[in-house]
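Participant: In the working numbering, the protein residues as written are -8 to 117.
Yeah, the Cβ is synthetic: ideal placement off N, Cα and C, and Gly gets one too.
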């Protein structure tokens, strides 16, 4: 039931601002109960603090799951980036996903046509 309530609230959320994840993590970490699951939705772009912030969660044994929708295919199909730019950005994304997995983060490259429940199950290995 809690997951349903959380997902319902998230469905109406609008992204705003540009506070680095590390700042948010530093602020909220003392208030999160040990063992609480951390679910992070992000395209993994434009925030150089993502890896260090999630590393901090993992260092304190939080179970971290990342659902990451990628806009690269849309950008390429819409001709907003060329083939070379696409390949560079895709490689950078793949490296970051690999690094997060190396930290023990459960991560799913969330496809746009995939249901949220399917993405969560895939990230958790179910």
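My output table needs one value for residue 87: the three-state DSSP class, helix, strand or coil.
Facilitator: Looking at residue 87 - three-state DSSP - the assignment turns out to be helix.
Participant: Quick one: is residue 43 buried, meaning 16 or more other Cβ sit within 10 Å of its Cβ, or exposed?
Facilitator: With fewer than 16 other Cβ atoms within 10 Å, it is exposed.
Participant: State the DSSP-derived secondary structure class of residue 118, mapped to helix, strand or coil.
Facilitator: Not covered by the structure: residue 118. The range shown for the chain is -8 to 117.
Participant: Between the C-alpha atoms of residue 97 and residue 91, what's the straight-line distance to the nearest angstrom?
Facilitator: C-alpha separation (whole angstroms): 8 angstroms.
Participant: Would you identify the three-state DSSP class for residue 103, choosing helix, strand or coil?
Facilitator: Of the three classes helix, strand and coil, the one that applies to residue 103 here is coil, per DSSP.
Participant: How long is the line joining the alpha carbons of residue 85 and residue 99, rounded to whole angstroms?
Facilitator: Distance between the alpha carbons of residue 85 and residue 99 is about 11 angstroms.
Participant: Assign residue 114 to one of two classes, buried (16 or more other C-beta atoms within 10 Å of its C-beta) or exposed (fewer than that).
Facilitator: Under this definition residue 114 is a buried residue.
Participant: How many angstroms separate the CA atom of residue 73 from the CA atom of residue 66?
Facilitator: In a straight line, the C-alpha of residue 73 is about 9 angstroms away from that of residue 66.
Participant: So, is residue 41 buried or exposed, given that buried needs 16 or more other C-beta atoms within 10 angstroms?
Facilitator: By the neighbour-count rule (16 or more Cβ atoms within 10 Å), residue 41 is buried.
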